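Here is the structure we will look at.
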Ligand code: ADP
Ligand code: ADP
Ligand code: MG
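In my numbering, the protein residues as written are 561 to 1008.
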């Protein structure tokens, strides 16, 4: 095992990795920007190093500064968390060439998976069903029209380098397609510095169901079942659960096999997620691979009993997977809510500021992954995620009841949060029946 690991991230995921290191007897070194200098989680690490000013370009996205910190602190490895540099193959490559172990897949595999067109091609070659779409990049609006006529409207225009729900547009006819094409192209260029687009058939009312995979550096790959992330707003996840309410053991087996087959074909190792859309008839279609730990990993941890971040550290340090597929079992029901500092009554605009009161829920079945507390100042410079409320109970019914009482206990004053939205969700009969798709939250919100 490593003796010292640097964490190139902030907030709840930085704390999550610090905790895993501590439990494994590994020293942790966390980097921070000037904006985060007073964050309490910095004290949980063995060392904290300031790497620059608040803007991510000067700190959490600044590769030379992070590598300098890693060299000064003399670490063996870097954990990138999620977001920021987690899926940047150049960063993984720099780590590799500096002989600092990058805790994730190889830079080569990450580069392949990070391009959604290449990932689709690999899925196709591995006989994994994928959403029908353009065979490759769509260069011009005329190509876009041609492909869309072949697929049939509605279609979705997507950025090859996309992530975080950005750079995608739905089009229902020729006129909206041309508009969507140019809008998606400029968004992709601005957000990902890559204007490359492709087109998929728009799957109507799907569920988002993804498979967690774990692979070591010797070619052993297993899956840890699914997460249902159908509750989304603007293609960003808000609530995730495991198992999926519509899952059957044979569907899990076939989705799991596809995910593992793709991971093998790619030469994937460490933790990763293969994302699918699931239609009404339980047909599934590959959409992308996330080559990192995901925000919603705790629901998988609760039902499988596997600590995914510790597994990431073990795998990266060269250990073999101890788990075989037949050892993976699923226990009970877990649900996660992403507590964002956003104002539901103002279009979910970010709501940074000082948290005056913070009374967290607790008790049987409740897990809270957060770095915030009363007196904490939520910066406006970063993602609005301030915590993840996770419940784990024997059945879905009990998990929902537990989530409702935990949301009721939770008091956060000073910033607006997504808690009121979740109280509505967990009281909604459609959600309780498990009868949802990726449009559910927006319909709930527009109903008011
Ligand atoms: P998940 O929630 O499934 O882990 P997300 O796509 O929501 O995955 O991404 C997690 C975090 O990473 C979010 O903070 C998101 O904004 C960020 N993110 C994901 N992909 C990118 C990308 N290509 N560029 C910038 N940020 C990204
Ligand atoms: P990102 O990299 O931003 O996470 P994804 O390709 O994973 O992008 O898609 C994010 C979400 O957008 C999905 O969970 C789903 O809700 C929606 N989506 C993506 N592709 C399609 C599609 N072809 N049809 C319908 N919805 C889609
Ligand atoms: Mg995705």
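Don't be surprised by glycine CBs; every beta carbon is placed ideally from N, CA and C. This one's a predicted model, so the numbers in the text were calculated from it and none came from an experiment.
Report task. Using DSSP bridges, identify the partner residues of residue 910. Result -> Counting from 1 along the chain shown, the entry for residue 910 is found at position 350. Paired residue(s): 902.
Requested in this report: Give the range of the alpha helix (DSSP H) segment to which residue 752 is assigned.
Outcome: Counted from its first residue, the chain shown places residue 752 at position 192. That run of the alpha helix (DSSP H) goes 734-752.
Query raised in the report: From what residue to what residue does the beta strand (DSSP E) around residue 1004 run?
Result: On the chain shown, position 444 is the one that residue 1004 refers to. Element bounds for residue 1004: not the beta strand (DSSP E) but the alpha helix (DSSP H), 1000-1007.
Query raised in the report: According to the Cβ coordinates, are residue 1000 and residue 990 closer than 8 Å?
Result: Residue 1000 sits at position 440 when you count from the first residue of the chain shown. Residue 990 sits at position 430 when you count from the first residue of the chain shown. For residue 1000 and residue 990, yes; Cβs fall inside 8 Å.
Query raised in the report: Where residue 948 and residue 611 are concerned, what is the direct C-alpha to C-alpha distance, given to the nearest angstrom?
Result: By one-based count along the chain shown, residue 948 stands at place 388. By one-based count along the chain shown, residue 611 stands at place 51. The straight-line gap from Cα to Cα measures roughly 26 Å.
Query - Completely contained beta strand (DSSP E) runs for the region 901-978, where each covers 3 or more residues - result: 917-919, 926-930, 945-953 and 971-973
Query raised in the report: To the nearest whole angstrom, what separates the beta carbons of residue 859 and residue 895, a pair I think is in contact under 8 Å?
Result: Counted from its first residue, the chain shown places residue 859 at position 299. Counted from its first residue, the chain shown places residue 895 at position 335. The pair is a contact, with the Cβ atoms about 7 Å apart (cut-off 8 Å).
Report task. Compute the Euclidean distance between the alpha carbons of residue 807 and residue 586, then round it to the nearest angstrom. Result -> Your numbering for residue 807 matches position 247 in the chain shown. Your numbering for residue 586 matches position 26 in the chain shown. So the alpha carbons of these two residues sit roughly 38 Å apart.
Query raised in the report: What does DSSP give as the partner residues of residue 728 in its beta bridges?
Result: In the chain shown, residue 728 corresponds to position 168, counting from 1. DSSP lists 718 as partners of residue 728.
Report task. Report all residues from its chain with a CB closer than 8 Å to the CB of residue 864; omit the five preceding and five following residues, and keep chain order. Result -> By one-based count along the chain shown, residue 864 stands at place 304. Same-chain partners within the cutoff: 784, 785, 888, 889, 890 and 891.
Requested in this report: For residue 580, collect the residues of the same chain with a Cβ closer than 7 Å to its Cβ; drop the 5 residues on either side in sequence, then sort them by chain order.
Outcome: Position 20 of the chain shown, counted from the start, is the residue given in the question as residue 580. Excluding positions up to five away in sequence, the list reads 867, 869, 870 and 873.
Report task. Work out the CA separation of residue 750 and residue 1011 for me, nearest whole Å. Result -> This structure cannot settle anything about residue 1011, because the visible part of the chain is limited to 561 through 1008.
Report task. Output the boundary residues of the alpha helix (DSSP H) element that contains residue 588. Result -> For this step, residue 588 is matched to residue 28 along the chain shown. From DSSP, residue 588 is part of no alpha helix (DSSP H) but of the beta strand (DSSP E) over 587-593.
Query raised in the report: Just to confirm, are residue 1002 and residue 793 a CB contact at a threshold of 8 Å?
Result: In the chain shown, counting from the first residue as 1, residue 1002 sits at position 442. In the chain shown, counting from the first residue as 1, residue 793 sits at position 233. Yes; because the gap between Cβ atoms is below 8 Å, this pair is in contact.
Report task. Helix, strand or coil for residue 835, going by three-state DSSP, please let me know. Result -> The residue given as residue 835 occupies position 275 in the chain shown. Of the three classes helix, strand and coil, the one that applies to residue 835 here is strand, per DSSP.
Query raised in the report: Got a sec, what are the start and stop residues for the beta strand (DSSP E) residue 775 sits in?
Result: By 1-based counting over the chain shown, the position of residue 775 is 215. Per DSSP, residue 775 belongs to the beta strand (DSSP E) from 767-775.
Report task. Enumerate, from N- to C-terminal direction, the unbroken alpha helix (DSSP H) stretches of 4 or more residues contained entirely within the region 602-651. Result -> 623-633
Query - Which of helix, strand or coil DSSP assigns to residue 671 - result: Taking the first residue of the chain shown as 1, we reach residue 671 at position 111. Correct three-state label for residue 671: helix.
Query raised in the report: Can residue 760 be considered in contact with ligand 2, in the sense that its beta carbon sits closer than 7 Å to one or more heavy atoms?
Result: Stepping through the chain shown from its first residue, residue 760 is reached at position 200. At least one heavy atom of ligand 2 is nearer than 7 Å to the Cβ of residue 760, so yes.
Query raised in the report: For ligand 3, any of its heavy atoms closer than 7 Å to the Cβ of residue 710?
Result: Within the chain shown, the letter at position 150 stands for residue 710. No, since every heavy atom of ligand 3 falls outside the 7 Å radius drawn around the Cβ of residue 710.
Query raised in the report: Is residue 718 near ligand 2, going by C-beta to nearest heavy atom under 7 Å?
Result: Within the chain shown, the letter at position 158 stands for residue 718. Residue 718 Cβ: within cutoff of ligand 2.
Requested in this report: Examine the Cβ distances between the region 644-654 and the region 827-840 and report whether three or more of them are shorter than 8 Å.
Outcome: no
Query raised in the report: At a cut-off of 7 Å, is residue 958 close to ligand 3 when judged by its beta-carbon and the heavy atoms of the ligand?
Result: The residue you call residue 958 lines up with position 398 of the chain shown. Because no heavy atom of ligand 3 lies under 7 Å away, the Cβ of residue 958 does not count as near it: no.
Query - Expected contact under 8 Å - CB spacing of residue 909 and residue 595 to nearest Å - result: Along the chain shown, one-based indexing puts residue 909 at 349. Along the chain shown, one-based indexing puts residue 595 at 35. Residue 909 to residue 595, Cβ: 19 Å. No contact.
Query raised in the report: Taking Cβ positions, are residue 734 and residue 705 nearer each other than 8 Å?
Result: Mapped onto the chain shown, residue 734 falls at position 174. Mapped onto the chain shown, residue 705 falls at position 145. Going by C-beta atoms, residue 734 is nearer than 8 Å to residue 705.
Query - 7 Å CB neighbourhood of residue 780 in its chain, flanking five on each side removed - result: Position 220 of the chain shown, counted from the start, is the residue given in the question as residue 780. Same-chain partners within the cutoff: 880 and 881.
Query - From 748, 692, 739 and 801, residue whose alpha carbon lies closest to that of residue 675 - result: Taking the first residue of the chain shown as 1, we reach residue 675 at position 115. Comparing Cα-Cα distances from residue 675 to each of 748, 692, 739 and 801, the minimum goes to 748.
Report task. Ignore the nearest five residues each way along the sequence and tell me which others in residue 645's own chain have a CB closer than 8 Å to its CB. Result -> Along the chain shown, one-based indexing puts residue 645 at 85. Correct list, in chain order: 568, 620, 621, 623, 626 and 651.
Query - Identity of the residue in 633, 897 and 708 nearest residue 952 by Cα - result: Locating residue 952 in the chain shown gives position 392, where the first residue counts as 1. Taking only the C-alpha atoms, the option nearest residue 952 is 897.
**Report entry** Beta bridge counterpart(s) of residue 783 as assigned by DSSP
**Finding:** As a working note, residue 783 is residue 223 in the chain shown. Beta-bridge pairing links residue 783 to 773.
**Report entry** Sequence ranges, beta strand (DSSP E) only - wholly within the region 785-830, length at least 3
**Finding:** 796-802
Query - Endpoints, alpha helix (DSSP H) assigned at residue 582 - result: The count along the chain shown starts at 1 and reaches residue 582 at position 22. From DSSP, the alpha helix (DSSP H) with residue 582 extends over 571-584.
Query raised in the report: Among 977, 883, 664 and 862, which residue has its Cα nearest to the Cα of residue 914?
Result: Here residue 914 corresponds to residue number 354 of the chain shown, with the count starting at 1. When each option's Cα is compared against that of residue 914, the closest is 977.
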